[in-house]
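Residue numbers (the working numbering): 294 to 529.
Glycine residues also receive a C-beta, built at the ideal position from the N, C-alpha and C atoms.
Have a look at the structure below, then the notes.
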């Protein structure tokens, strides 16, 4: 592994995390970091691991970033990003698992891979079955909800009400699990949106549930208003 590449990656991470020489002073000296970033020397493994941990990364992350020739299947991060966004979870939602927003972004951008054990817990924390994630990986279809809507449309055209009911019930199940996370107040300067860990108000599961329900019978006035509010809030 070239010293220059190691130094460049370390400098990038330090810049992205706004980590100063003083922040790392208890681990290693400023001069050692300057030489490392300049590509003229290396840090010991222990010091490198400690400085990376301070910034929220692991030696494994560093290895991926400094050896792009290893190759990473970008679909893993891309699919995870799609599922996370569809459920409305912010990038900082997984900090309790040791995955900060920047580390998550590097994974979703296809620059690093996360350990399977961590990824599995992240999916569980979003109430996403590992089997669903694996299914869409194998299908090569990164958008779960578009796939479900296509299946719903096909079932409706074929008058397959058993499948329509199954889609509705599954969506209703996940909507129920997320109900306590869906409510975000209107714009309020005093409200701490960061604490919500959410990016938007409505769960796609709820919209899928109502769409399936509409294929079988009329929606209530309240349900029609709910869908209208969702559509008006979408970005075009």
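Straight-line CA distance for residue i to residue j?
i, j, result
"residue 365", "residue 509", "44 Å"
"residue 376", "residue 338", "36 Å"
"residue 315", "residue 323", "7 Å"
"residue 461", "residue 445", "9 Å"
"residue 389", "residue 415", "10 Å"
"residue 505", "residue 453", "11 Å"
"residue 305", "residue 345", "12 Å"
"residue 379", "residue 419", "11 Å"
"residue 310", "residue 426", "30 Å"
"residue 455", "residue 421", "23 Å"
"residue 518", "residue 457", "22 Å"
"residue 381", "residue 334", "44 Å"
"residue 317", "residue 302", "16 Å"
"residue 386", "residue 521", "28 Å"
"residue 479", "residue 515", "Residue placement at residue 479 is flagged as unreliable, the pLDDT there being 48, under the threshold of 50; the coordinate-derived value follows with that caveat. Cα to Cα, residue 479 sits roughly 19 Å from residue 515."
"residue 451", "residue 424", "27 Å"
"residue 430", "residue 325", "43 Å"
"residue 413", "residue 328", "38 Å"
"residue 428", "residue 459", "17 Å"
"residue 507", "residue 443", "15 Å"
"residue 368", "residue 511", "38 Å"
Please list, in chain order, all residues of the same chain as residue i whose beta carbon is under 6 Å from its beta carbon, the five residues on each side excluded.
i, result
"residue 498", "464, 467 and 468"
"residue 392", "none"
"residue 399", "405"
"residue 343", "320"
"residue 394", "384 and 385"
"residue 336", "329"
Enumerate in chain order the residues of its own chain whose CB-to-CB distance from residue i is below 8 Å, with the five nearest sequence positions on each side excluded.
i, result
"residue 357", "363, 365, 404, 405 and 406"
When you compare the CB positions of residue i and residue j, do they come within less than 7 Å of one another, or not?
i, j, result
"residue 297", "residue 349", "no"
"residue 397", "residue 384", "yes"
"residue 370", "residue 319", "no"
"residue 321", "residue 295", "no"
"residue 501", "residue 441", "yes"
Measuring alpha carbon to alpha carbon, tell me which residue in the options is nearest residue i.
i, options, result
"residue 308", "372, 330 and 352", "330"
"residue 352", "439, 408 and 455", "408"
"residue 347", "313, 325 and 301", "313"
"residue 411", "516, 336 and 373", "373"
"residue 354", "299, 368 and 325", "299"
Among residues of its own chain, excluding the 5 on either side of residue i, which ones have a beta-carbon nearer than 7 Å to its beta-carbon?
i, result
"residue 513", "none"
"residue 448", "456 and 457"
"residue 438", "379, 497 and 501"
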